Amino acid sequence: MKQILITCDTEVGELHADRADAFEIFIKGEIEGREVGVKLINDLASKYGAAVEHFVDVYPYERYGEHKFEQLCRDIIRGGHGVNLHTHPSGRYDKNRKFMWQYGVDEQTEIVNFGKQKIKEWIGMDVLAHRAGGYGANDDTVQALKFNGIFIDSSFFYKNENCKINYDYINKASEKNCVLQLPISVYEKQKRFSFIKAKSSFQKFDFRYGSSADEILKAIDMMPENCMIVLFLHSFNFLNLKYSFKDKKYIEISINDKLINEYKWLLASIANKTECKFVPIKDLDMGGLSDEDFVPTIHADIDMKKYAEDKFRLKFMHVGNV
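Whatever position you read off the sequence shown (first residue = 1), add 177 for my numbering.
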């Protein structure tokens, strides 16, 4: 059986820090009279018998109101979903060091302990898992997790320049220093251009950033039996976010109904696959996992005109944290 784990980085985000309404927009998704953030992500997952594992960045809680974060975590648990730890240390510690690997092992141990204890204070439960913000973990992070009694990590992202964990696999779940690594699942995407040699990259199972529900479903079908597949979302997954680095602010925020429909299609399609099942972290079955470290390859033909337009647009605008 292919075990499907839905994960969501639930965060205000570093580019959004100066907005007084950042919690309401980037976590709750309150815009245009609708709420398309955490609640919608969870409600749609519940409809298809899935639980979402939220990696919550607690570190800027004082800036936006502790009661908001406490209520958020309680609502997630009450809805049958999971609360885990997401470490963006710059939100509380050093604004010039945003990745965990930029801190020593003792500092990382303190950062993890603070987040773990704060979540326990809010919901009365120990977190089971961790993910570093921006995938920016290293081997010291794994040690810090072990010191704090957190034995599951989902920070490793193959070939991502911010990820400094020394890990022997790409997609395969395995133990490292007594901590179970659940890599962010990737497939190899080969982009084929007219009259240009194909370009290859490793794409996470994330229909917001560089992928699509259709590609993810094809990749799932190609994965071996008895594997673990990690799907990836953000709390602001269904927002169009256009950021101007020149003005240092968002110049347009709107709802992306196309991505909401992609999510519905992805959930419904996986639910109909007899060889797949949605699982929360607490119910992962590690005993029968395949030893195969398999990476699917998906071919995509690129519209050169659209590619050029997107390159120009992204040169001047940022579309959110990834």
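Beta carbons: idealized from backbone N, C-alpha and C, even for Gly. Every value quoted in this text rests on a predicted model; they were computed, and no experiment measured them.
Using a 10 angstroms sphere on the CB of residue 358, the tally of other CB atoms reaches 16 or more, which defines it as buried. Cβ contact annotation for residue 332 (same chain, cutoff 6 angstroms, sequence separation greater than five): 308, 309, 312 and 314, in chain order. Ranked by Cα distance from residue 386, the first of 403, 236, 409 and 187 is 409. By alpha-carbon distance to residue 222, the top candidate from 449, 473 and 444 is 444.
Only residues of its own chain outside the window of five on either side were considered, and among them 401, 402, 403 and 404 have a CB closer than 7 angstroms to the CB of residue 467, listed in chain order. Check the Cα spacing between residue 318 and each of 367, 227 and 278: the tightest is with 278. Around the C-beta of residue 303, fewer than 16 other C-beta atoms lie within 10 Å, and the residue is accordingly described as exposed.
Less than 8 angstroms separates the beta-carbon of residue 474 from that of residue 365.
Taking the Cα of residue 188 as reference, the smallest distance to any Cα among 208, 270, 261 and 209 is reached at 261. In this structure, residue 190 sits away from residue 415, with a CB-CB distance that is not shorter than 8 angstroms. The Cβ atoms of residue 292 and residue 235 sit closer than 8 angstroms to each other.
Counting along the chain, no beta strand (DSSP E) covers residue 463, and no H or E run does either.
When secondary structure is reduced to three states using DSSP, residue 284 falls in the helix class.
Its chain contains 307 as the residues whose beta carbon lies nearer than 6 angstroms to that of residue 327, once the 5 sequence neighbours on both sides are disregarded; these appear in chain order. Here residue 383 is buried: its Cβ has 16 or more other Cβ atoms, across all protein chains shown, within 10 Å. Rounded to the nearest angstrom, the gap between the Cα atoms of residue 180 and residue 423 is 44 angstroms. Annotation for residue 409: the continuous beta strand (DSSP E) segment containing it runs 405–411.
Excluding five sequence positions before and after residue 186, the CB atoms of its chain that fall closer than 6 angstroms to its own CB belong to 232, 263 and 411, given in chain order. Secondary structure of residue 314 (DSSP, three-state): coil.
Here residue 211 carries a strand assignment [DSSP, helix/strand/coil]. When secondary structure is reduced to three states using DSSP, residue 357 falls in the strand class. Counting every other CB atom within 10 Å of its CB across the protein chains shown gives residue 227 a total of 16 or more, marking it as buried. Rounded to the nearest whole angstrom, the CA to CA distance from residue 448 to residue 273 is 43 angstroms. Assignment of residue 468 by DSSP, reduced to helix, strand and coil, places it in the coil class. Within the same chain, and ignoring the five residues on either side of residue 388 in sequence, the residues whose Cβ sits closer than 6 angstroms to its Cβ are 380.
When the alpha-carbon of residue 469 is set against those of 350, 434 and 430, the nearest one is in 350. Excluding its 5 nearest sequence neighbours in each direction, residue 362 has C-beta neighbours in its own chain below 7 angstroms: 348, 381, 382, 406 and 407, listed in chain order. Only buried fits residue 390, as 16 or more other CB atoms lie within 10 angstroms of its CB. For residue 183, no alpha helix (DSSP H) run applies; the uninterrupted beta strand (DSSP E) run containing it begins and ends at 179–187, by DSSP. For residue 308, the enclosing beta strand (DSSP E) begins and ends at 306–309. From the listed residues 417, 200, 394 and 283, the smallest Cα separation to residue 453 is found for 394. One Cα belongs to residue 215, the other to residue 462, and the distance between them is close to 26 angstroms.
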